[in-house]
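Q: Sequential numbering of the sequence shown, starting at 91, is according to our numbering.
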Amino acid sequence: MKRNRPSGARARASRSAILSLTSVGRACPQRAASNVFPRRRTRLAGTVSPYRGSKSKMKTAASGACAAIVLATLIDPPSANAADAASPLEIAQQLNEAFVQVAETVSPAVVVIEIAQRPNTARFHRDHPLWELLPPESRRQLEEDLEKEPKEPPPRRDPRFDGSGSGLVIREDGYILTNTHVVEEAEKIKVRFKDGRDFETTKVWTDPQSDIAVVKIDAKGLATAKLGDSARTRVGEFAIAIGAPFVLDYSVTFGHVSAKGRQQIIPSFGRDSLGAKMDQDFIQTDASINPGNSGGPLVNIRGEVIGINTLVRGLGTGIGFAVPINRAKDVAEQLIAHGKVARAWLGIATGPLRESRLRTQVEDLKNGLVVDVIQTNGPAFKSDLKRFDIIQAVEGQPVANVQELRDAIRAKKIGSTIVLDVVRLDDHGGRKDLQIQVKTEAWPDEEISQLADSRRSPPDSPAALGLTVQTVTEELAKEFEVKKAEGVMVTAVRPNSPAALVGFKPGDIITKVGEKSVKTRQQFREAVAAAGSKEVTIHFLSEGTEESRTIKGKSE
Numbered sequence: 091m092k093r094n095r096p097s098g099a100r101a102r103a104s105r106s107a108i109l110s111l112t113s114v115g116r117a118c119p120q121r122a123a124s125n126v127f128p129r130r131r132t133r134l135a136g137t138v139s140p141y142r143g144s145k146s147k148m149k150t151a152a153s154g155a156c157a158a159i160v161l162a163t164l165i166d167p168p169s170a171n172a173a174d175a176a177s178p179l180e181i182a183q184q185l186n187e188a189f190v191q192v193a194e195t196v197s198p199a200v201v202v203i204e205i206a207q208r209p210n211t212a213r214f215h216r217d218h219p220l221w222e223l224l225p226p227e228s229r230r231q232l233e234e235d236l237e238k239e240p241k242e243p244p245p246r247r248d249p250r251f252d253g254s255g256s257g258l259v260i261r262e263d264g265y266i267l268t269n270t271h272v273v274e275e276a277e278k279i280k281v282r283f284k285d286g287r288d289f290e291t292t293k294v295w296t297d298p299q300s301d302i303a304v305v306k307i308d309a310k311g312l313a314t315a316k317l318g319d320s321a322r323t324r325v326g327e328f329a330i331a332i333g334a335p336f337v338l339d340y341s342v343t344f345g346h347v348s349a350k351g352r353q354q355i356i357p358s359f360g361r362d363s364l365g366a367k368m369d370q371d372f373i374q375t376d377a378s379i380n381p382g383n384s385g386g387p388l389v390n391i392r393g394e395v396i397g398i399n400t401l402v403r404g405l406g407t408g409i410g411f412a413v414p415i416n417r418a419k420d421v422a423e424q425l426i427a428h429g430k431v432a433r434a435w436l437g438i439a440t441g442p443l444r445e446s447r448l449r450t451q452v453e454d455l456k457n458g459l460v461v462d463v464i465q466t467n468g469p470a471f472k473s474d475l476k477r478f479d480i481i482q483a484v485e486g487q488p489v490a491n492v493q494e495l496r497d498a499i500r501a502k503k504i505g506s507t508i509v510l511d512v513v514r515l516d517d518h519g520g521r522k523d524l525q526i527q528v529k530t531e532a533w534p535d536e537e538i539s540q541l542a543d544s545r546r547s548p549p550d551s552p553a554a555l556g557l558t559v560q561t562v563t564e565e566l567a568k569e570f571e572v573k574k575a576e577g578v579m580v581t582a583v584r585p586n587s588p589a590a591l592v593g594f595k596p597g598d599i600i601t602k603v604g605e606k607s608v609k610t611r612q613q614f615r616e617a618v619a620a621a622g623s624k625e626v627t628i629h630f631l632s633e634g635t636e637e638s639r640t641i642k643g644k645s646e
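Listed below in structure tokens is the structure:
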């Protein structure tokens, strides 16, 4: 059944408003509402006119000219034989040719990935909290569209490819690198090459923790891209993005590597369920990245892939992020060989010392990670590590942030014993420097499933509120050093989530949602779902004191 759509400027403005709220994600050609809120996102702002492309190109061209002029000023002063010296125009032409060669060399290995989604996964929900962020005119226009849309899509035999992203061929026998959020909802995948060839497949392996996925097509002799070494990438280098933004296939944009090692870019990747955290160690770039670029390569001036474009903070802001190619390559190799990624795991959740109330007691420590949660029956639970210990180093190597700790742990073999240097405080202001041994275990499959599910959480779920809870038990109460009470205990609160903003913290015991008592995690989930996206009042015990907070649901 064909859908009625608004026409003209109103339709373009409506579509633009939606796309401006997405992370790099999939750009959706047929259905304006089919990918409004991709599963992985940062909090974005503003709208972008679909006609700003020409300005962007002018700005890019100007940047290139400026770069050429700068290069011209850095060459040696003219020699006696001035005829041998390159003119500024010639230098600009050489730089221009370098960009052209990169585009021509890499593009044959770049693919457009189209997906046919499972029924109903692409529907736009009027009750979604981000609905309120749309401009009034766009909201009104979309209301009209939704009224015309059938309540249930008619059954169809053939898949309809209505979303797209990008990918990169990494092996000539048909293995393609892309983002998990591009393909995770796909019923079927179509891979299209620049020469017009296309292949359909259902073979895909995903890793939610890194947002890296591998797609396999039945083909041989494919052009591949040269993978660089992202560890050697330097801030300030040229960075070139190739992909299919807004379904504009094989668009090439350039900028620079703005920064490396960006962490906690996506709040929903923060202190998540019992240490189930996403890898975040992004390359930041000002090369233009937009919806549809996801999964495509970020390339240096030598034509070497240094990252996989993943997300953007707002449209037209010049702030985009890519997964470093070294990490993406490691994940891809494991997915191809084993179908999943094996990671060493300690079963802890930590936070920076500088954000902890303990920082005033250890002012001589500049860095460190405070143990917030130790998962029951996890590796750390079986060791001498305690909650509120301050981790300083792993095997003698200092760790200053969560990503460094995570990388240090995952670099170890599963089943190996690692030594943590920790500082432990007591109630009398004393402190001890300790070395604690922990035997690593494999990251549990159920933890990965929880993490993947939380990224797709509807607005009426506990995960969407930013809360991870467990039914209160004697062991759990002892772990959090609180008195046992009937209810569910908050074991983790996602930073910047609705729950965090109103003051929830690990160790709080939730007793009621609205007027409904909750004693189990399932009852809590049902009570939150019953409240929908409306405001909900949650009653809880915090350090023995009865409190209540009203939360309005928000998306992850």
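Glycine is no exception: its CB is placed at the ideal position from the N, C-alpha and C atoms.
With a cut-off of 8 Å on the beta carbons, I'd call Thr440 and Glu569 a contact; round off their distance for me.
A: About 15 Å separates the two Cβ atoms, so there is no contact after all.
Q: Since Thr292 is in the beta strand (DSSP E), which residue starts that stretch and which ends it?
A: Segment: none, Thr292 is in no beta strand (DSSP E) and carries neither H nor E.
Q: Is the beta carbon of Ile373 closer than 8 Å to that of Ala412?
A: Taking 8 Å as the Cβ cut-off, Ala412 and Ile373 qualify as a contacting pair.
Q: Name the DSSP beta bridge partners of Ala329, please?
A: Bridge pairing for Ala329: Gly345 [DSSP].
Q: Counting only runs of 4+ residues fully inside the segment 460-519, write out the alpha helix (DSSP H) ranges in chain order.
A: Taking only runs of at least 4 residues, the alpha helix (DSSP H) segments lying wholly in the segment 460-519 are 492-500.
Q: Is the segment 268-275 touching the segment 313-326 in the sense that three or more CB pairs, one from each, lie closer than 8 Å?
A: no
Q: Quick check: Val583 and Gln560, are their CB atoms within less than 8 Å of each other?
A: It is not a contact, given that the beta carbons lie outside the stated cut-off.
Q: Is DSSP giving Glu625 helix, strand or coil here?
A: Glu625: strand per DSSP, three-state reduction.
Q: How far does the alpha helix (DSSP H) with Asn416 in it extend, from its first residue to its last?
A: Ile415 to His428
Q: In three-state DSSP terms, what is Arg447?
A: helix
Q: Is the beta carbon of Ile481 closer than 8 Å to that of Gly492?
A: As written in the sequence, residue 492 is Val, which differs from the Gly given in the question. No, the Cβ-Cβ distance between Val492 and Ile481 is not below 8 Å.
Q: Answer with buried or exposed for Lys606, where buried requires no fewer than 16 other C-beta atoms within 10 angstroms of its C-beta.
A: exposed
Q: Between Val294 and the rest of its own chain, which residues show a CB-CB distance below 8 Å, the 5 nearest in sequence each way excluded?
A: Excluding residues within five positions, the ones whose Cβ falls inside 8 Å are Val273, Ala276, Ile279, Ala303, Val304, Val305 and Lys306.
Q: Taking the straight line between their C-alpha atoms, what separation do you get for Glu625 and Glu485?
A: 47 Å
Q: If you run the structure through DSSP and keep just helix, strand and coil, what is Val572?
A: Coil.
Q: Helix, strand or coil for Ala439? Go by DSSP, reduced to three states.
A: Strand.
Q: Taking the alpha-carbon of Lys419 as reference, which of Gly410, Val431, Thr507 and Arg447 has the nearest alpha-carbon?
A: Val431
Q: Near Asp497, which residues of its chain fall below 8 Å by C-beta distance, leaving aside the five closest residues on each side in sequence?
A: Asp371
Q: In three-state DSSP terms, what is Asn186?
A: Correct three-state label for Asn186: helix.
Q: Determine the direct distance from the alpha carbon of Asp308 to that of Val259, and round the result to whole angstroms.
A: Cα to Cα, the separation comes out at about 13 Å.
Q: Taking just the CA atoms, how far does Gln183 sit from Gly333?
A: 24 Å
Q: Just the C-alpha distance for Leu401 and Ala575, rounded to the nearest angstrom, thanks.
A: Going by the C-alpha atoms only, they are around 42 Å apart.
Q: With distances taken from CA atoms, which of Val580, Arg611 and Val421 is nearest Asp598?
A: Of Val580, Arg611 and Val421, the residue nearest in Cα terms is Val580.
Q: In whole angstroms, give me the CA-to-CA distance for Ile397 and Leu425.
A: The amino acid at residue 397 is misidentified as Ile; the sequence shows Gly. The straight-line gap from Cα to Cα measures roughly 18 Å.
Q: Quick one: Cα of Gly393 to Cα of Ser197, how far?
A: 10 Å
Q: For Gly345 and Asp376, which I take to be in contact (beta-carbon distance under 8 Å), what is that distance rounded to the nearest angstrom?
A: 4 Å
Q: Using a 10 Å radius around the Cβ and a threshold of 16 neighbouring Cβ atoms, would you call His629 buried or exposed?
A: buried
Q: Could you spell out the range, first to last residue, of the beta strand (DSSP E) harbouring Ala303?
A: Ile302 to Lys306
Q: Rounding to the nearest angstrom, what Cα-Cα distance links Gly520 and Ser632 in this structure?
A: 26 Å
Q: Out of Gly385, Asp301, Leu312 and Asp285, point me to the one whose CA is closest to Ser67's CA.
A: The first residue shown for the chain is 91 and the last is 646, placing residue 67 beyond what the model contains.
Q: Helix, strand or coil for Phe336? Go by DSSP, reduced to three states.
A: helix
Q: Rounded to a whole number of angstroms, what is the C-alpha to C-alpha distance between Phe44 and Ser378?
A: This structure gives no information on residue 44, because the portion of the chain shown stretches from 91 to 646.
Q: Taking 8 Å as the threshold (C-beta atoms), are Gly437 and Phe478 in contact?
A: no
Q: Using C-beta distances below 7 Å, list every residue in its chain close to Val611, excluding the 5 sequence neighbours before and after it, in chain order.
A: Checking the sequence shown, residue 611 turns out to be Arg, not Val. Excluding residues within five positions, the ones whose Cβ falls inside 7 Å are Val559, Gln560, Thr561 and Val578.
Q: Where does Arg130 land, buried or exposed, given buried means 16+ other C-beta within 10 angstroms?
A: Note that Arg130 has pLDDT 38, beneath the 50 cutoff, so the model's placement of it is unreliable and the number below is only indicative. Its Cβ being crowded by 16 or more others within 10 Å, Arg130 is buried.
Q: If you draw a straight line from the C-alpha of Leu312 to the C-alpha of Val572, how long is it?
A: 60 Å
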